[in-house]
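Enquirer: For reference, the structure I am asking about is given below.
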Amino acid sequence: MPADNDFTIRIANVNGTGSASANSLLMKTLFRMGIPVAGKNYFPSNIQGLPTWYEVRASHRGYLARSGSVDIAVAMNAETYQRDLRELTSGGYLLYDSTWPRREVLRREDVHILGVPLARMCNENFDNARARILMKNIAYVGVLAALLELDLDIIRELLRQTFARKKPLLEANQIAIGLGYDYAREHLHCPLPFTARSMDGPGSQIIIDGNTAAALGCVYAGATFGAWYPITPSTSLMDAFRSFCSRFRTAEDETRNYCVIQAEDELAAIGMVLGAGWNGARAFTPTSGPGISLMSEFLGYGYYAEIPAVLFDVQRVGPSTGMPTRTQQGDILSCAYASHGDTRHVLLFPSTPRECFEMAATAFDLAERLQTPVIVLSDLDLGMNDWMSEELTWDDEYRPDRGKVLRAEQLEDMEAFYRYLDVDGDGVPYRTLPGEHPTGAFFTRGSGHNMHGGYTENAGEYQEVLDRLRRKWDHAATIVPRPEIRTAPGAQAGMITLGTGHSACREALDTLAGRGVALDYMKINAFPFGAEVETFLKDHKRIYVVEQNRDAQLRTLLINEAGGRAEQLVEVLHYNGMPIPATSIVSAVEADMLRDRAA
Amino acid sequence: MPADNDFTIRIANVNGTGSASANSLLMKTLFRMGIPVAGKNYFPSNIQGLPTWYEVRASHRGYLARSGSVDIAVAMNAETYQRDLRELTSGGYLLYDSTWPRREVLRREDVHILGVPLARMCNENFDNARARILMKNIAYVGVLAALLELDLDIIRELLRQTFARKKPLLEANQIAIGLGYDYAREHLHCPLPFTARSMDGPGSQIIIDGNTAAALGCVYAGATFGAWYPITPSTSLMDAFRSFCSRFRTAEDETRNYCVIQAEDELAAIGMVLGAGWNGARAFTPTSGPGISLMSEFLGYGYYAEIPAVLFDVQRVGPSTGMPTRTQQGDILSCAYASHGDTRHVLLFPSTPRECFEMAATAFDLAERLQTPVIVLSDLDLGMNDWMSEELTWDDEYRPDRGKVLRAEQLEDMEAFYRYLDVDGDGVPYRTLPGEHPTGAFFTRGSGHNMHGGYTENAGEYQEVLDRLRRKWDHAATIVPRPEIRTAPGAQAGMITLGTGHSACREALDTLAGRGVALDYMKINAFPFGAEVETFLKDHKRIYVVEQNRDAQLRTLLINEAGGRAEQLVEVLHYNGMPIPATSIVSAVEADMLRDRAA
Amino acid sequence: MSYIARPKVSHPALARNELGLTMRDYEGGMSTLCAGCGHDSITGALIQAVFELSIPPHRMGKLSGIGCSSKTPAYFAASSHGFNSVHGRMPSVSTGAAAVNGRLQYIGISGDGDSLSIGVGQFVHAMRRNLNMLYLIEDNGVYGLTKGQFSASADTGSTAKRGEVNEQQAIDPCLLAIASGCGFVARGFSGDRTQLVPLLKAGLSHRGFAMIDVISPCVTFNDHEGSTKSYRFTRENAYPIGHTDFIPPEVEIKAELGVGEAQQVQLHGGGSILLRKLDHEYDASDRSAALAYLSRRQGNGEVATGLLFVEEGGADMHELARLGETPLADLPYERLCPGSGALADLQDRLR
Amino acid sequence: MSYIARPKVSHPALARNELGLTMRDYEGGMSTLCAGCGHDSITGALIQAVFELSIPPHRMGKLSGIGCSSKTPAYFAASSHGFNSVHGRMPSVSTGAAAVNGRLQYIGISGDGDSLSIGVGQFVHAMRRNLNMLYLIEDNGVYGLTKGQFSASADTGSTAKRGEVNEQQAIDPCLLAIASGCGFVARGFSGDRTQLVPLLKAGLSHRGFAMIDVISPCVTFNDHEGSTKSYRFTRENAYPIGHTDFIPPEVEIKAELGVGEAQQVQLHGGGSILLRKLDHEYDASDRSAALAYLSRRQGNGEVATGLLFVEEGGADMHELARLGETPLADLPYERLCPGSGALADLQDRLR
Ligand SMILES: Cc1ncc(C[n+]2csc(CCOP(=O)(O)OP(=O)(O)O)c2C)c(N)n1
Ligand SMILES: Cc1ncc(C[n+]2csc(CCOP(=O)(O)OP(=O)(O)O)c2C)c(N)n1
Ligand code: SF4
Ligand code: SF4
Ligand SMILES: [Mg+2]
Ligand SMILES: [Mg+2]
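Residue numbers (this note's numbering), protein chains in the order written: chain F, 1 to 599; chain G, 600 to 1198; chain R, 1199 to 1549; chain C, 1550 to 1900.
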C-alpha cells in the first residue's frame, strides 16, 4: 500500500529518447525534499528503440532495495502498455500520453488510468523536433509534481543548476514542467491520496552510483594505472576514473599523473595490470563476468607469482553473455577459485557506494600487503544505479600500505635477497621493485619455483612454496574487512548476505521483526571469511543465506571455507536479473519457518 | 622390503640421451615374464641435458601405484648421484658407471654400490658416437638381467621385434645386453637376494598409456573432429588420435574421414570444437590446466547454448604454469564450475587406461545426450605413463547415442520447431543441425534466450531456461557412470578417491586390512555424483578422501554437491607433483585413527 | 526483436529467384539497431546478394561475435541456422563448423572491435587457414554496443563524439588481410549498395576466405564532424579502385561490357568476376603491389574501396585437410569405427 | 639452472665498458637449452649488445612468454628483474610495466609460437601502441618446448623432422610488424653475430617498439633437410638487404665508412644508425616499398635480413599517454591524492 513518502514510480520509455535527465530530475527532487529515494534503471542491451524502465522508490524509512511493486506507472512506451498495466499494484495509477487515446488497450478495473496529451502539448509549444521528444519527458515530471505535490521550487532550482550554461534549454524545460503541472492541476484529481512531503531523511547523504564511488576510491588510494576492455556494466567505472584523473591528476605542464589503457581484450588488460603491479604501481582493471573468465589464466599467475593487482568485477547476469544489462551475483565461486590448479583469491563485497569507495582503497592495501590479486565484487545494480549513500569521507592521514617492499637503501645493506622466503612467519614474503638495486633482482615466473625464487621441479621445494601460500591465505583471513553483524534480542535464527543483498535484507529483517520474527544478521564483507563468520555459523542452528544467483554460491563458500553445514544453511535465491526485493526474502523465510514447524 | 617380484628400480638419466627404449625394454621384459609392472617417467620441462628418472615397479600382487621407495637405483647421471643415493632404501643397490670411479661421492654404509664400467665397455665395442651413448643404456639392462635373473630370451625377442627393420641396431643392442650381462655375472654377486621369476600375472592385459587409450576411445566413438593447442601432458593424446586416424580413417582415394586442426591457442581450439559440435560432428579437444583456464568463457557458452563437446584435461601441476611435467589432480574445482555465472560441467574421472578408452566413448554419448560440454579429467601420471591395463574390448553393436536430434524427415512434418522446450520433462531439449531443414533453423546464442530460442531480457523467460538447465543437471546425475563401490565386512569407515588415486587406494586398503583396519571404498567416476555417492556419504561416519591436490577439491565438491559433512570427510592430500604412493595414504589413515582414539 | 512474428504471405508481384523464392524469404527478425545504422544497409545488401545467387536459406550458416554488427545474423535469413558466439571468437567457431560440413555457405559477420581488437588473433589465423567463408567486418571505427569507445580501426587524429582525439595508429583490416595471406580482400561502404552487392556476390562465390571490410557508419556514436568513418567522410574520401561485376556461370561476357581496362577472374565455384579498373596503376592480382598501394593510400588519408586483391585457385582449408565429398558430420558410423577385430590386432603389439 | 651459483670473480683481463663492468656482469644462469640451440647464440649476442651499450644491468627489465625461447631471460643479466609470463601474453605485461616506469630498458623475448599463434593479438597491439622496448622473436619455425609441432612461421612446403609437410601459409613477423605500424623492423640470424649485434644495439637505442625477428634454428626438431629454418637453409637463402652499424652518440661518422649507398638515421635516444645498402632497390624508410619488397622476397622463398624498416620520431606510448618525467610508480602519494577537501567539494554536486 502506497502512503506518503512511501511509493514507487516506474517510468516506461523507449531507449534513446533522452528520458535520463527527466528521471534524474524526479529522483533528485524527492531527495532534496529530504525523502530517502532509490533510482533503478532497467535498460536493454541495445542503443536505441527498445523498451527501458526507470524506477524511483521513495521510502521514508530509508529502504533502498527494489520495492517489487509499482504504485505509479508512467507509460511512455506504447509497446509495453500491456505489461506496464499488468505490473501495476491494484489501486495504482497509470499515466500515459493521451495524444493517442487508448481506451481499448488500457483496460483494467482496479487501477486508475490518467491520460495527459504530452505529445500534443509539446508539439504545440516547441518547434524543434528533438525538443518535442525530450520535453515530453520533462512534462511528465510536471504532471507527477502536481499529483504528488512535489516542491516546484526545488524542481526549478535543479533545472537552473543543470542548465546553468544552456539558457535556451533551461527555458524549454521550465515551460515543459509548467505544461505538465498545469494540465494535471486542471484535468486530474490532484493530489493523489499519497504524496511527497518534505522531511529530513538523507541528512548529509549524497546520490551516487557504485562505479563512480569505486573510481574515486581508486583515485584516493593512489592508483596510477588502469587497463580495461569495455564491458557493461563496468565501463562507467573507468570512465569516471579517467574523468576524475583528468581533473585531479593533470600537472600544470599537461602531463598526466595517471595512465589508462584501453586494452585489446581482457587477457591483455589483466596482463598490463600485472606488469604495472610488478613494477611498483597501484594498478587495477574493472570488468564483468566474461572478462573474469578470460582473465583466469593470468589470475592464477598473479596468485602464484604473488603480484598485487586490483580487479573490479561488476557482475551482470550469466552464464555466458547472458543479460548484460541486468544484475546478478553470479561470479562469487568463479572469482574465489579462478584459474586451474590450487588457486584462491581474496574477494571484497561492497554493498553501498560508500563501501565501493572505501573497499576500493582497502583493495589496494590488501593487494600490496598480501601480494596477490584482490577482486572487488560489485554488481550492475550497485555499480550503475543511483543510490542514496552516506557521505564519502577521507582521512588525510592515510598513506598507502605498500606491504613488504625492500627499497634500495635496505637492499644496499643486504648480502642477498630471496623472493619467496617466509621471513616473518605470516606467509608473506618480501618483494623488490625492478630498477631499484642489483641485489633486489629476482625472476618472476609462473613455473615451479622454490623459496629462493629459483626454478624448481623438485617435489619438496615446490610443495614448500605451495604450503606457504596456504599460510598466507590463513593470514589474509585475519586482515580482510570483518563482517558487519547485528544481533536481535531473542533471535533464534540468522540471516547472511553480501553486497546488494544488504538493502533488501535490512528491509526484510524489519518486516519480519514487525511480524514477530527476530533474526541475527551478518553482512559478509570479504573472503576468506575469518573467525567472526565461523562463529556466527556455529552460533546459529538455522541461517538464511540470501544471494542473487541460482547455484547458492555464497552458501557453497560458507560450507567449504567456514565450516557451514548444509542442513543449517537455507538458500534464499533470486536470479532473474532484477534486483532482489525484500518481499521475496520475507516470504522465503516465512515459508521455511512454516515448513519447519510442519516437519 | 624388496622380495621376489616385488621391487622398484629407478633409473636416473640425462634428458635427451635416449634411455627411453632401454627403460621400456626393461619394463616389457618383466611384463612378458608375467610379472605385473608399472613404469613411471619423471622428466623435466626441457628437451635436453636435465635430470630425468624412470621407475619400474614389479609387483606380484599387481600394485601399480608408485611404491614410494627405490630398491635398485641405476645412477646414470653424475649430477644426481647424491640424490639417487639418498633416496635409496636401506639395504638397496646402487648401480653406476664406474668408468669414472666415484668412491668419494657414493658413500653410504647401508647400501650396496655396484660399479659397472658401462662407458668404457661401450667405447671399446662401438665406433659410432651416438651408439656409444645409446648402448650404455641397453648395457645396464643387461646388468639388471644378470642381477635379477631376467629372462634373456624374452629380452632378445623383444629386441628382435623392436628392430625388425633395423638390423644394424638390432645387432648393437644384442651386443650391449651381452656386455652388461657378462660383466655382471663376472664381477658382481648375482643374483640379488630378490629376483624376477616368471609367473602369470597380467593374463590378457596390455601395456598402454592413458592418452593413447583415450585417443582410441575417440576413434571408436566416431569422433571426426579434433582441435587442440599443444600442451604437455595432453599432446600425445592428439598425436595418437592422428596416427590411429591416418591408419583407420584414410579412404582409398587418400581423403580423410577425420580432421585435426592445430589451433592458434586454446580459446580457438574450444571454439572450433563448439562449431563442429553445433554442426553435428563428434568433436573434442585435449588440453591441460592453463588451457582449461583459457577455455572458461567458451565453456560457459557451451553450457548455456547447450552444445555437445568433449574435453580431455590431462592435469599437470598448477597453479599457473607450475610443473608441466609433473602430475596432479588440481583442476577438479575449476573444471566443475568453469566460467562465470551459474555454470557447471559434467566431469568423468578415468583411473586406468581402459577407463580412458571407455570413458572417452561415454563422454561423447553424454555430451550429445545432455547437449553440453563434458570434461574427462585425466592426469599426467595416467596419460603419459605406461600402465598395465585390462585388455580393451569393443562391442560392435555399439552405435553412437546422438541424443535428441531432429532430422529432416521429422522436421518435414513439424509446424514449428523451438530449440529450448523441455518436451520430455528431463530438462533436455531437442536440437537440429544446420543445413538439415528450414523448419529446424534456430539461433544459437550465449545471450539471454527464452525456451523458444528467441532473444529475451525478460526476467521470467530468462529464469525459465536457467531452471530447466538445473533440471537437466539433475537428470545428468542419473545417467553418468556410477561409482565403483567395494564394501569390506565390518568396515566402520570409508575411503573415497577418483582417477589415479585408485591404484594407490587399492594397495593402501590391502595394507590396512592386513593391519586389521577394514574400510569400505568408493571410486568416483563422474560428476554430478548421483544417488549412490550420496548414500555412501550418508552411510559412513568417517571417510578418507584421497586426492592429489592441496585444497581438497574433491572433498569440497562432495560437501557442496552430495551432502557430505566437513566433520565426516578427512583430507588425505598429496600435491608435490609425484604420483601418490599407497604408504602415504596408509600413514594418513593410521594417524587419523590414532588422533581419533586419543580424542 | 527476432521472435516477433511477421506475415510470411508472399506478395505475388515480388520477383522470384531460381529457387522460386522472393526477397522476403531471405529476411530475418526485425532489426533492433539504431535508425540509420550502416549495419542495417549491409543486411539489405546481403539479402539481395544471397537472393540473387539463389542460395537456399537453410543451406547457409550465419555466424557472428558480439557487438551491434554481430547482431546482424538475426536480421536476415530467418530459416538459416545462426550462431552468435562470444566476443571476437567467431572465426574459430566458423573453422570448426566449416571443417565438418563444407557444403554450407558460411557467412561471418563481425565488427571492427570484434575482429581487430579482441578477435584479431583468430581473424588472422582464419585467413591463414583459408576456410571457405564470406567474412564481413561492419566497420564503424567505434565500439557501438558499449557506447562509442574508439576501436582499432579508428584513424589517428579522428575524434570521438565528445571531442577526444584518437592518438593510436589504426589497423587497416584490408592491409592485414593481404599480409595474412587472404585470397579475396575487398572494401565496401554501407552507403553504396551498387558497389557492395557485386562485391558480396563475388565474395560468396570465391572459394576460400573472402574478407570484405564494409565501412558502416555508426549514426549514434561516430557520424560527426571529425570522424573518419562518417557517411560524409567516407563519401568524400572513398577512392574506388575499380568496378566489380559478378558474372553468373551461364552468362557470357561481352566485350562491350568493359569500360576502362577490364580483367576477368574465373571463380572456382563457377561464375567469374569482371574487374573494371578505375585506377590504372592498380593490379588486384599482385599481392605485393596491393600491399604497397593500400599502405600509400592509407598514408594519404584515402579509403581505397572495391576488390583490392583476389587470387583464385589457392587451396582452401577443406582441400588442405584432404577432406572428402561427404561432410564429416554426415559420415555413417560404420565408416568411422575400426571394429573390435582391429582393436584386438592392435593390442597384440601392446604386450 | 638459474639458481646454480657461479663464481663472480671478474677476470682482470676482461674488457670493461663505460660502467666499469665486464661481459661477465651481464651473464645469467646456465642455459638448459639443447647444445647448439640458436637461442643460446642470441643470448650471447644480446649480452654483447647490452654490455657494449653500457646499460646498467639492474636498469633492464627482461620479459618473456613461454617456450624454449622464452627461457632466455634467465640466461643473461642475472642482476636484472625478469618476468617469465604466461604463453603469448608477454606484450601486455610489458605494456603495463613500461607505462608505469619508462626509465627502464625493456627487453622482451618470445618465440614464433608465442608471438605468432597464441600471442599474435597482443603482439600486433603492442606494436600499434608503440611501447618503448626491444622485442625479439627467436624464430625456429616450430614449437621447441612441446617437441616440434609446426609454428605459424613455418613456411608452406617445409617438412617436419618425421617428414610431414606443412601445408599452411606462413606468417612473416616482419611483414606483419610493418603492416601493424611498427617503427623498427629487422631480421637477423642467430648464426650471424656480426649482423645481429648492431641490429640489437640499434633496436635498443630506437625509441618505440623495435621488433627483431631472429631466425634461430632448433637443432633438435627443425634443423633437418626440408626445414626452411635450419642453419643450412638460412645460410643459403638469407638475403641481406644491407649492413647496419650502430654509431654511439659521441662518434662522428666519417664519409669513408660507407661502402655502397649509405643512409644515416638519427636515433631519438642518441646515437645513430648507419645503413649501407646491398640491395639498391631497397629503401628502409619507405613503409609501402618495404611491404612490397618483403612480400616479393617471401614469394621467392628468400629470407630478407637486415634492418628492413625504420621510422624514427614516431611518438611512443609514453608520449601518446602524455606521461611526465617521473615514472608513475615513483610519484609520491601526495601528488596523487586530491585530499578530503576536494572530496567534500565534489559531493556538493551530488546532493
Ligand atoms: C569478453 C567480452 N568483453 C567485452 C564485451 C563487451 N562488448 C560487447 S560489444 C563490444 C564491442 C563491439 O564493437 P564492434 O565489434 O566494433 O561492434 P559494433 O557495436 O561497433 O558494431 C564489447 C567490447 C563482451 N561482450 N565480451
Ligand atoms: C596456455 C598454454 N598453452 C600451451 C602451452 C604449452 N607450450 C609451452 S611452449 C609452447 C610453444 C612454444 O613455441 P615457441 O614460442 O615457438 O618457442 P620455442 O620453444 O620454439 O622456442 C607451448 C605450446 C602453455 N605453456 N600454455
Ligand atoms: S550504436 Fe551505432 S553501431 Fe550500434 S546500432 Fe546504433 S548506429 Fe549502429
Ligand atoms: S628443442 Fe629446439 S628450441 Fe628448444 S632448446 Fe632444443 S634446440 Fe632449442
Ligand atoms: Mg564497431
Ligand atoms: Mg619456436
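Quick reminder that beta carbons are idealized off the backbone N, C-alpha and C, glycines included.
Can you tell which of G:842, G:803, G:672, G:972 has its C-alpha closest to the C-alpha of residue 578 of chain G?
Expert: Outside the shown range of chain G (600 to 1198) lies residue 578 of chain G, about which nothing can therefore be said.
Enquirer: So with CB distances below 9 Å, who are the chain C contacts of residue 1369 of chain R?
Expert: Your numbering for residue 1369 of chain R matches position 171 in the third sequence. 1673, 1674, 1677, 1728, 1729, 1730, listed in chain order.
Enquirer: Considering only DSSP beta bridges, list what residue 859 of chain G is partnered with.
Expert: Counting from 1 along the second sequence, the entry for residue 859 of chain G is found at position 260. Bridge partners of residue 859 of chain G: G:825.
Enquirer: State the start and end residues of the unbroken beta strand (DSSP E) segment that holds residue 1049 of chain G.
Expert: For this step, residue 1049 of chain G is matched to residue 450 along the second sequence. Careful: residue 1049 of chain G lies outside any beta strand (DSSP E) and carries neither H nor E.
Enquirer: Here's the rule I'm using: 16 or more other beta-carbon atoms within 10 Å means buried, otherwise exposed. How should residue 393 of chain F be labelled?
Expert: Sequence index remark: in the first sequence, residue 393 of chain F carries index 393 (1-based). Result: exposed.
Enquirer: Ligand 4 heavy atoms versus the CB of residue 1680 of chain C: any closer than 6 Å?
Expert: To locate residue 1680 of chain C, count along the fourth sequence from 1; it is residue 131. Checking every heavy atom of ligand 4 against the Cβ of residue 1680 of chain C, none is found closer than 6 Å.
Enquirer: Start and end of the beta strand (DSSP E) containing residue 657 of chain G?
Expert: Within the second sequence, numbered from 1, the residue matching residue 657 of chain G stands at position 58. Segment 650 to 658, the beta strand (DSSP E) holding residue 657 of chain G.
Enquirer: Check whether the Cβ of residue 858 of chain G lies closer than 7 Å to any Cβ atom in chain R.
Expert: As a position in the second sequence, residue 858 of chain G is number 259, starting the count at 1. Closer than 7 Å: yes.
Enquirer: Report all residues from its chain with a CB closer than 7 Å to the CB of residue 1807 of chain C; omit the five preceding and five following residues, and keep chain order.
Expert: Here residue 1807 of chain C refers to the residue found at position 258 of the fourth sequence. Confidence at residue 1807 of chain C is low in this model, with a pLDDT of 48, below 50, so the placement of that residue should be treated as unreliable; the coordinate-derived value is given next. Sequence-distant partners of residue 1807 of chain C (beyond 5 residues in either direction) whose C-beta falls short of 7 Å from its own C-beta, in its chain, are 1825.
Enquirer: Hey, which residues come within less than 5 Å of ligand 3, measuring from Cβ to any heavy atom, in chain order?
Expert: F:47, R:1231, R:1232, R:1235, R:1266, R:1342, R:1416, R:1417, R:1418
Enquirer: Just the Cα atoms here: how many angstroms apart are residue 64 of chain F and residue 197 of chain F?
Expert: Position 64 of the first sequence, counting from 1, holds the residue named residue 64 of chain F. Position 197 of the first sequence, counting from 1, holds the residue named residue 197 of chain F. Those two C-alpha atoms are separated by around 18 Å.
Enquirer: Between residue 1689 of chain C and ligand 6, is there a pair consisting of the residue's CB and a ligand heavy atom that are separated by less than 6 Å?
Expert: By 1-based counting over the fourth sequence, the position of residue 1689 of chain C is 140. True, at least one ligand heavy atom lies under 6 Å from that Cβ.
Enquirer: Would you kindly check if the distance between the Cβ of residue 1304 of chain R and the Cβ of residue 1292 of chain R is under 7 Å?
Expert: Reading the third sequence from its first residue, position 94 is the one you call residue 1292 of chain R. Reading the third sequence from its first residue, position 106 is the one you call residue 1304 of chain R. Against a cut-off of 7 Å, the Cβ pair of residue 1304 of chain R and residue 1292 of chain R comes out as a contact.
Enquirer: In terms of alpha-carbon separation, which member of F:99, F:107, F:537 lies closest to residue 124 of chain F?
Expert: Residue 124 of chain F sits at position 124 when you count from the first residue of the first sequence. Looking at the Cα atoms, F:99 is the closest of the given residues.
Enquirer: Please report whether the beta-carbon of residue 264 of chain F lies at a distance below 7 Å from any beta-carbon of chain R.
Expert: Mapped onto the first sequence, residue 264 of chain F falls at position 264. For residue 264 of chain F, the nearest CB of chain R lies under 7 Å from its own CB, placing it at the interface with that chain.
Enquirer: Looking at the structure shown, is residue 1898 of chain C part of a helix, part of a strand, or coil, going by DSSP?
Expert: In the fourth sequence, residue 1898 of chain C corresponds to position 349, counting from 1. Secondary structure at residue 1898 of chain C: coil, using DSSP grouped into helix, strand and coil.
Enquirer: How would you call residue 1881 of chain C, buried or exposed, if buried means at least 16 neighbouring beta carbons within 10 angstroms?
Expert: Reading the fourth sequence from its first residue, position 332 is the one you call residue 1881 of chain C. Exposed: under 16 other Cβ atoms inside 10 Å.
Enquirer: So residue 1615 of chain C contacts chain G; which residues on that side make the cut at Cβ distance below 7 Å?
Expert: Working through the fourth sequence from its first residue, we reach residue 1615 of chain C at position 66. Simply 920.
Enquirer: Residue 1444 of chain R bridges to which residues according to DSSP?
Expert: As a position in the third sequence, residue 1444 of chain R is number 246, starting the count at 1. Beta-bridge pairing links residue 1444 of chain R to R:1471.
Enquirer: Listed in chain order, which residues of the stretch 291 to 306 of chain F have Cβ atoms closer than 7 Å to some Cβ of chain C?
Expert: If the cut-off is 7 Å between Cβ atoms, the stretch 291 to 306 of chain F has 297, 298, 301 near chain C.
Enquirer: Please classify residue 128 of chain F as buried or exposed, where buried requires at least 16 other C-beta atoms within 10 Å of its C-beta.
Expert: Taking the first sequence and counting its residues from 1, the one referred to as residue 128 of chain F is at position 128. By the neighbour-count rule (16 or more Cβ atoms within 10 Å), residue 128 of chain F is not buried but exposed.
Enquirer: Would you list the residues sitting across from residue 1660 of chain C in a DSSP beta bridge?
Expert: In the fourth sequence, counting from the first residue as 1, residue 1660 of chain C sits at position 111. Within the DSSP secondary-structure output, residue 1660 of chain C pairs in a beta bridge with C:1687.
Enquirer: Under three-state DSSP, which class holds residue 492 of chain F?
Expert: Taking the first sequence and counting its residues from 1, the one referred to as residue 492 of chain F is at position 492. Reduced to three states, the DSSP call for residue 492 of chain F is coil.
Enquirer: Can you tell me whether residue 1379 of chain R is buried or exposed? The criterion is at least 16 other CB atoms within 10 Å of its CB, across all chains shown.
Expert: By one-based count along the third sequence, residue 1379 of chain R stands at place 181. The residue in question, residue 1379 of chain R, is buried, as its Cβ has 16 or more Cβ neighbours within 10 Å.
Enquirer: Identify each residue in the stretch 473 to 494 of chain F for which the Cβ-Cβ distance to at least one residue of chain C is less than 7 Å, and report them in chain order.
Expert: none
Enquirer: Please list the terminal residues of the continuous beta strand (DSSP E) segment that includes residue 1138 of chain G.
Expert: Here residue 1138 of chain G is taken as the residue at index 539 of the second sequence, counted from 1. It is not in any beta strand (DSSP E) - residue 1138 of chain G instead sits in the alpha helix (DSSP H) that spans 1130 to 1138.
Enquirer: Closer than 7 Å by beta-carbon distance: list the chain F residues that pair up with residue 1315 of chain R, in chain order.
Expert: Residue numbering aside, residue 1315 of chain R sits at position 117 when the third sequence is read from its first letter. Neighbours of residue 1315 of chain R on chain F, chain order: 264, 265.
Enquirer: Return no unless some Cβ of chain G is closer than 7 Å to the Cβ of residue 1199 of chain R.
Expert: The residue given as residue 1199 of chain R occupies position 1 in the third sequence. Below a pLDDT of 50, predicted positions are generally treated as unreliable, and residue 1199 of chain R, at 32, falls in that range; the measurement from the model is reported next regardless. Cβ-Cβ to chain G under 7 Å: yes for residue 1199 of chain R.
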